[in-house]
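J.:
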Amino acid sequence: MGADSPTMRGVCEGVLYRFLALKLQRFHFEIKSLDTFFLGYTAPMAKTLFEKMAILSDSAKYDVSCSSSGSDQKGASLGKSHASGICHSFSADGRCISLLKVLMTNACIYECAYCINRASNAIPRAAFTPRELADITIDFYKRNYIEGLFLSSGIVKSENHTMGLLLQTLEILRFEYGFGGYIHVKLIPGCDTELIEKVVALASRVSSNIELPSSHSLALLAPNKTKEKVMQPLRAARDISLHKTSAPIPMSTQLIVGATPESDFDILRLSSALYEKALLKRVYYSAYIPINDNALLPSTLTAPPLLREHRLYQADWLLRFYGFRAEELVDEATRKLDVDLDPKTFWALRHLEHFPVEINTAPKEVLVRIPGIGVRGALKILQARKFRALDHAMLSRLGVSLKRANYFITCKGVYQKEVPLREDHIRRALLGPKKLLQPSLFDWYQGMVGGEV
Amino acid sequence: MIVVYDGTAEGFLSLVFEVYAHKLSPTHIFKSRPQSLLQIHEVRSDETHARRVLEGMKRTFSPLHVREIQQVLLCDTLAFELPLLAYVNLGFKDPKNLYDPTQESVRTVQNWARVYGRMVHRMKGFVRFEELEEGVFYAKIQTDYNILALLGHHFVERLGAQGFILHDVERGLAFVSQEREIYAVAHADVPQVSEKELTCKGLWQTFFSHVAIQNRTNPKLQQAFVPLKYRTYMSEFEGRYSSTCKH
Ligand code: SF4
Chain A
104 MGADSPTMRG
114 VCEGVLYRFL
124 ALKLQRFHFE
134 IKSLDTFFLG
144 YTAPMAKTLF
154 EKMAILSDSA
164 KYDVSCSSSG
174 SDQKGASLGK
184 SHASGICHSF
194 SADGRCISLL
204 KVLMTNACIY
214 ECAYCINRAS
224 NAIPRAAFTP
234 RELADITIDF
244 YKRNYIEGLF
254 LSSGIVKSEN
264 HTMGLLLQTL
274 EILRFEYGFG
284 GYIHVKLIPG
294 CDTELIEKVV
304 ALASRVSSNI
314 ELPSSHSLAL
324 LAPNKTKEKV
334 MQPLRAARDI
344 SLHKTSAPIP
354 MSTQLIVGAT
364 PESDFDILRL
374 SSALYEKALL
384 KRVYYSAYIP
394 INDNALLPST
404 LTAPPLLREH
414 RLYQADWLLR
424 FYGFRAEELV
434 DEATRKLDVD
444 LDPKTFWALR
454 HLEHFPVEIN
464 TAPKEVLVRI
474 PGIGVRGALK
484 ILQARKFRAL
494 DHAMLSRLGV
504 SLKRANYFIT
514 CKGVYQKEVP
524 LREDHIRRAL
534 LGPKKLLQPS
544 LFDWYQGMVG
554 GEV
Chain B
16 MIVVYDGTAE
26 GFLSLVFEVY
36 AHKLSPTHIF
46 KSRPQSLLQI
56 HEVRSDETHA
66 RRVLEGMKRT
76 FSPLHVREIQ
86 QVLLCDTLAF
96 ELPLLAYVNL
106 GFKDPKNLYD
116 PTQESVRTVQ
126 NWARVYGRMV
136 HRMKGFVRFE
146 ELEEGVFYAK
156 IQTDYNILAL
166 LGHHFVERLG
176 AQGFILHDVE
186 RGLAFVSQER
196 EIYAVAHADV
206 PQVSEKELTC
216 KGLWQTFFSH
226 VAIQNRTNPK
236 LQQAFVPLKY
246 RTYMSEFEGR
256 YSSTCKH
């Protein structure tokens, strides 16, 4: 193959980029402004707004810790955030678009192995100015494209400098435009508490991504980060907002799933600890999409573990709204969630001593633990049985799905006759004999969005 | 008995009035006169009658149930008449009945109200405004049910002092922000958009196509959330920026 065939050239360029980028990284302390940071960088700084938009939304899209939901900005002249969160569109991957999610800049002085924006990656770099980003946000908001802004950034120059850029954008929006819509700000680990305080006063929600579920993995793959450092801005933010009002600012984080060997048990135990300490409102899970070649990470040919991510979201839902504890769903002995069954069914099959449940008498906490009956289904049952005793046919008419629930309930004392109440039998009945065809991702997500598990 | 009314909310309430006043028991209710030689009872819209029925419902039913009835009345493309009439009857017998989901008409009306509410919620996100030369924001909508008033008030809160017009193309109605009123649209010209409009739309389309993760492309899922009928006025789904994105 000739030296100038496209692939060879690609490889050479890659080496060149890496070399240059590493050199730049070593000197970044002397660099005065963002523009000079890019001097000598072979990839030209993106020029038009369109190019910037393309690059900076590309680099932000792997962050999923982003959804809008109610919070009120008093005295705003433009904008109002909606209590239940509004999706303004859905992207080709079927995800809700509610916020303008871009990076301030995708330039970064750090080397996190899993991240597409790490310093040594040969990708085009770009940066918005705070003014540009604020203007686009307002233009988009007025046209009803978005509910608000997700403000995040690669680390450029220093943590404080980066946090400062985000704060400046926030201030333009709140003070100049009187914008009252939703703004989610990523706190930069390692920046000063003073900056965090200013951000917390103006943002609707803040977050800091833990990314890897154990300190060991962090040390290995994100040498500039520690769990302490990542949690520090969250703790600071909570303390600051608790100081001012009784309702702390809502906070969230993201965990990458499948990049490192932590089990579902490790992950869910971490989430539930974070929920219990009331530190976080949401933990987001992101199936790792291999972007970088690194011996410590799954190869770039590995498919992202989407099903596992989905099961974790279901389990998380059970933690937050159904009164389950992490140890009930997975434990030292069973460290993995079942792939074929949703976590609630998985739990119920291992605890058949609680079943069957009589639909006409069980209290709400027990009803919601029946596989296939969600909070909505339980409320329907409670309402209807005030008027008369319910049988199977009436449950169906009420819109309560019996597909899974059937094996775990009695109605007026009657249990279905076909399948005995035994783990192996029910499992077979639920999965069917020809479990050759996996349900499509479509079906999983439908369930997840409805939130009924 | 076959009953015909004019398809308006006022007409339906007048119909309810006559059902009670004249002890009617309709088997079919039509919004326009069917081609038929059978005997047909025609209800005339009557404001006094309609008001009396509405007041009666507000006195007797809980606000929640009155709102459900109002929402179903705005589902103008549904044949909601008979179930809604049964529901109202049930409520006048004993307002407690309206809480009983084992009653069929209660379930039906509740479901419609829920579908209506979902449509309003979806459209709060899917409406797309364009800036006109005069600085007014303008959006066309196309919806199965009449949700103009609810959407209009939502955007009054959202856009504050910014003036806007929301145009329901099929119904020929427009909500105007300053007056907070709905007008009948006799004729609409193609509006002149502002210079900035093209840039904004382009930036939005760029953002939209780049925010999707290729390894997770799932058009079926996307379509479940944004059914095709909603896409008419959403610029991100225009031609080359359709659901799949290329780099
Ligand atoms: S600090 Fe953030 S942007 Fe920079 S390499 Fe690490 S994860 Fe990526």
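As they're listed, the protein sequences go chains A and B. The letter at position 398 of the first sequence is residue 501 when you use this note's numbering, and the numbering goes up by one with no holes. The letter at position 87 of the second sequence is residue 102 when you use this note's numbering, and the numbering goes up by one with no holes. Cβ atoms here follow ideal geometry from the backbone N, Cα and C, with glycine treated the same way.
1. Excluding the 5 residues flanking Lys-439 (chain A) on each side, which residues of the same chain have their C-beta closer than 8 Å to its C-beta?
2. If you draw a straight line from the C-alpha of Gly-182 (chain A) to the C-alpha of His-191 (chain A), how long is it?
3. Does the beta-carbon of His-80 (chain B) have 16 or more other beta-carbons within 10 angstroms, so that it is buried, or is it exposed?
4. Check whether the Cβ atoms of Gln-237 (chain B) and Gly-281 (chain A) sit closer than 8 Å, and answer yes or no.
5. Write down the C-beta distance between Glu-331 (chain A) and Ile-359 (chain A) rounded to the nearest angstrom, noting that I regard them as a contact closer than 8 Å.
6. Over what stretch of residues does the beta strand (DSSP E) that includes Glu-14 (chain B) continue unbroken?
7. Name the DSSP bridge partner or partners of Val-517 (chain A)?
8. Is Glu-262 (chain A) near the ligand SF4, in the sense that its beta carbon is under 7 Å from a heavy atom of that ligand?
9. Quick test of your reading: Leu-270 (chain A) and Leu-337 (chain A), contact by CB under 8 Å. State the CB separation rounded to the nearest angstrom.
10. If I'm right that Pro-233 (chain A) touches Ile-275 (chain A) with Cβ under 8 Å, what's the distance once you round it to whole angstroms?
11. Could you name the residues of chain B that Leu-501 (chain A) contacts, counting a contact when the two beta carbons are closer than 8 Å?
12. Can you tell me which of the three DSSP states Ile-197 (chain B) falls into?
13. How many angstroms separate the CA atom of Lys-301 (chain A) from the CA atom of Cys-294 (chain A)?
14. Since Asp-196 (chain A) meets chain B, which of its residues come closer than 7 Å, beta carbon to beta carbon?
15. Are there 16 or more other CB atoms within 10 angstroms of the CB of Thr-405 (chain A), so buried, or fewer, so exposed?
16. Below 7 Å between beta carbons is the criterion; list the residues of the region 220-252 of chain A that meet it against any residue of chain B, in chain order.
17. Beta carbon of Leu-155 (chain A), beta carbon of Ala-210 (chain A): below 8 Å?
18. I'd like to confirm something about Tyr-213 (chain A): is its beta-carbon nearer than 7 Å to some heavy atom of the ligand SF4, or not?
19. Excluding the 5 residues flanking Ile-529 (chain A) on each side, which residues of the same chain have their C-beta closer than 7 Å to its C-beta?
20. Just mark Ala-250 (chain A) as buried or exposed, buried being the case when its beta carbon has 16 or more other beta carbons within 10 Å.
21. Out of A:Phe-449, A:Arg-491, A:Ser-320 and A:Gly-475, which one is the CA nearest neighbour of Cys-215 (chain A)?
22. Would you mind stating whether Ala-508 (chain A) and Pro-466 (chain A) have Cβ atoms separated by less than 8 Å?
23. Measuring only the C-alpha atoms, how far is Ser-162 (chain A) from Ala-179 (chain A)?
24. Please work out which residues of its chain come closer than 8 Å, Cβ to Cβ, to Gln-177 (chain B), disregarding the five sequence neighbours upstream and downstream, and give them in chain order.
25. Give me the Cα-Cα distance between Thr-240 (chain A) and Val-303 (chain A), rounded to the nearest whole angstrom.
26. If you reduce the DSSP assignment to three classes, tell me which class Glu-461 (chain A) lands in.
27. Cβ closer than 7 Å: which chain B residues qualify as neighbours of Asp-161 (chain A)?
28. Just reading off the alpha helix (DSSP H) that Gly-251 (chain A) is part of, what are its end residues?
29. Would you mind telling me which residues of chain B sit closer than 9 Å to Ser-180 (chain A), beta carbon to beta carbon, in chain order?
30. Shorter than 7 Å, the distance from the beta carbon of Cys-218 (chain A) to the closest heavy atom of the ligand NAD, or not?
31. Nearest by alpha-carbon distance to Ser-223 (chain A): which of A:Leu-373, A:Gly-257, A:Leu-268 and A:Cys-199 is it?
32. Identify the contact partners of Pro-407 (chain A) in chain B, using a Cβ-Cβ distance below 9 Å as the criterion.
33. At what residues does the alpha helix (DSSP H) containing Arg-453 (chain A) begin and finish?
34. Please check if any C-beta of chain A sits within less than 8 Å of the C-beta of Arg-82 (chain B).
35. Under 7 Å Cβ-Cβ, which residues of chain A neighbour Pro-142 (chain B)?
36. Within the continuous beta strand (DSSP E) that includes Gln-177 (chain B), where are the two ends?
T.: Considering the structure as presented:
1. On the first sequence, residue 439 (chain A) is found 336 positions in, with the first residue counted as 1. Taken in chain order, the residues that qualify are Ser-366, Asp-367, Phe-368 and Val-433.
2. Within the first sequence, the letter at position 79 stands for residue 182 (chain A). Within the first sequence, the letter at position 88 stands for residue 191 (chain A). Annotation: Gly-182 (chain A) to His-191 (chain A) spans about 15 Å, alpha carbon to alpha carbon.
3. Locating residue 80 (chain B) in the second sequence gives position 65, where the first residue counts as 1. A buried status is given to His-80 (chain B), since no fewer than 16 other beta-carbon atoms sit within 10 Å of its beta-carbon.
4. The count along the second sequence starts at 1 and reaches residue 237 (chain B) at position 222. The count along the first sequence starts at 1 and reaches residue 281 (chain A) at position 178. Gly-281 (chain A) is positioned such that its CB atom lies no closer than 8 Å to that of Gln-237 (chain B).
5. Against the first sequence, residue 331 (chain A) aligns to sequence position 228. Against the first sequence, residue 359 (chain A) aligns to sequence position 256. 18 Å between Cβ atoms; not a contact.
6. Lying before the first or after the last residue shown, residue 14 (chain B) is absent from chain B, which here runs from 16 to 262.
7. The sequence position of residue 517 (chain A) within the first sequence is 414, counting from 1. Bridge pairing for Val-517 (chain A): A:Cys-514 [DSSP].
8. Indexing the first sequence from 1 puts residue 262 (chain A) at position 159. Answer for Glu-262 (chain A): no, Cβ out of range of the ligand SF4.
9. Working through the first sequence from its first residue, we reach residue 270 (chain A) at position 167. Working through the first sequence from its first residue, we reach residue 337 (chain A) at position 234. 17 Å between Cβ atoms; not a contact.
10. In the first sequence, residue 233 (chain A) corresponds to position 130, counting from 1. In the first sequence, residue 275 (chain A) corresponds to position 172, counting from 1. Confirmed, about 6 Å.
11. Here residue 501 (chain A) refers to the residue found at position 398 when the first sequence is read from its first residue. Listed along chain B are Pro-116, Thr-117 and Arg-122, each with a C-beta nearer than 8 Å to that of Leu-501 (chain A).
12. Here residue 197 (chain B) refers to the residue found at position 182 of the second sequence. Strand at Ile-197 (chain B).
13. Counting from one through the first sequence, the residue named residue 301 (chain A) turns up at place 198. Counting from one through the first sequence, the residue named residue 294 (chain A) turns up at place 191. Lys-301 (chain A) and Cys-294 (chain A) have their alpha carbons spaced roughly 12 Å apart.
14. Here residue 196 (chain A) corresponds to residue number 93 of the first sequence, with the count starting at 1. Ala-227, Ile-228, Arg-231, Thr-232 and Asn-233, listed in chain order.
15. As a first step, residue 405 (chain A) is located in the first sequence; it is residue number 302 there, counting from the start. Thr-405 (chain A) should be labelled exposed.
16. Legend: CB atoms of the region 220-252 of chain A lying less than 7 Å from CB atoms of chain B belong to residues Ile-239, Asp-242, Phe-243, Lys-245, Arg-246, Asn-247 and Tyr-248.
17. Locating residue 155 (chain A) in the first sequence gives position 52, counting from the first residue. Locating residue 210 (chain A) in the first sequence gives position 107, counting from the first residue. It should be noted that the sequence gives Lys, not Leu, for residue 155 (chain A). No. Outside cutoff.
18. Here residue 213 (chain A) refers to the residue found at position 110 of the first sequence. Yes, Cβ of Tyr-213 (chain A) sits closer than 7 Å to a heavy atom of the ligand SF4.
19. Here residue 529 (chain A) corresponds to residue number 426 of the first sequence, with the count starting at 1. The residues are Leu-452, Tyr-510 and Val-522.
20. Position 147 of the first sequence, counted from the start, is the residue given in the question as residue 250 (chain A). The residue asked about is misnamed: residue 250 (chain A) is Glu in this sequence, not Ala. Per the 10 Å Cβ criterion, buried.
21. Taking the first sequence and counting its residues from 1, the one referred to as residue 215 (chain A) is at position 112. For Cys-215 (chain A), the closest of A:Phe-449, A:Arg-491, A:Ser-320 and A:Gly-475 by C-alpha to C-alpha distance is A:Ser-320.
22. Translated into positions along the first sequence, residue 508 (chain A) becomes position 405. Translated into positions along the first sequence, residue 466 (chain A) becomes position 363. Not in contact: Ala-508 (chain A) and Pro-466 (chain A) (Cβ atoms no closer than 8 Å).
23. The sequence position of residue 162 (chain A) within the first sequence is 59, counting from 1. The sequence position of residue 179 (chain A) within the first sequence is 76, counting from 1. Spanning the alpha carbons of Ser-162 (chain A) and Ala-179 (chain A) requires a straight line of approximately 31 Å.
24. On the second sequence, residue 177 (chain B) is found 162 positions in, with the first residue counted as 1. Answer for Gln-177 (chain B): Phe-152 and Ser-192, listed in chain order.
25. For this step, residue 240 (chain A) is matched to residue 137 along the first sequence. For this step, residue 303 (chain A) is matched to residue 200 along the first sequence. For Thr-240 (chain A) and Val-303 (chain A), the distance between alpha carbons rounds to 19 Å.
26. If you number the first sequence from 1, residue 461 (chain A) lands on position 358. The three-state reading of DSSP puts Glu-461 (chain A) in strand, counting E and B together.
27. Here the question's residue 161 (chain A) lines up with position 58 in the first sequence. His-225, listed in chain order.
28. Stepping through the first sequence from its first residue, residue 251 (chain A) is reached at position 148. That residue, Gly-251 (chain A), is in no alpha helix (DSSP H); its beta strand (DSSP E) goes 251-255.
29. If you number the first sequence from 1, residue 180 (chain A) lands on position 77. Contact note: Ser-180 (chain A) reaches chain B through Gly-175 and Ala-176, using a C-beta cutoff of 9 Å and chain order.
30. The ligand NAD is not among the ligands present in this structure, which contains only the ligand SF4.
31. If you number the first sequence from 1, residue 223 (chain A) lands on position 120. Considering only alpha carbons, the answer is A:Gly-257.
32. Counting from 1 along the first sequence, the entry for residue 407 (chain A) is found at position 304. For Pro-407 (chain A), the chain B residues whose C-beta falls within less than 9 Å of its own C-beta are Ile-228, Asn-230 and Arg-231, listed in chain order.
33. Here residue 453 (chain A) corresponds to residue number 350 of the first sequence, with the count starting at 1. Per DSSP, Arg-453 (chain A) belongs to the alpha helix (DSSP H) from 446-453.
34. Stepping through the second sequence from its first residue, residue 82 (chain B) is reached at position 67. Arg-82 (chain B) has a beta carbon lying at 8 Å or more from every beta carbon in chain A.
35. Here residue 142 (chain B) is taken as the residue at index 127 of the second sequence, counted from 1. Inspection of the sequence shows that residue 142 (chain B) is occupied by Val rather than by Pro. Neighbours of Val-142 (chain B) in chain A, taken as residues whose beta carbon is under 7 Å from its own, are Asn-247 in chain order.
36. Looking up residue 177 (chain B) in the second sequence gives position 162. Note, Gln-177 (chain B): premise wrong, no beta strand (DSSP E); not H, not E.
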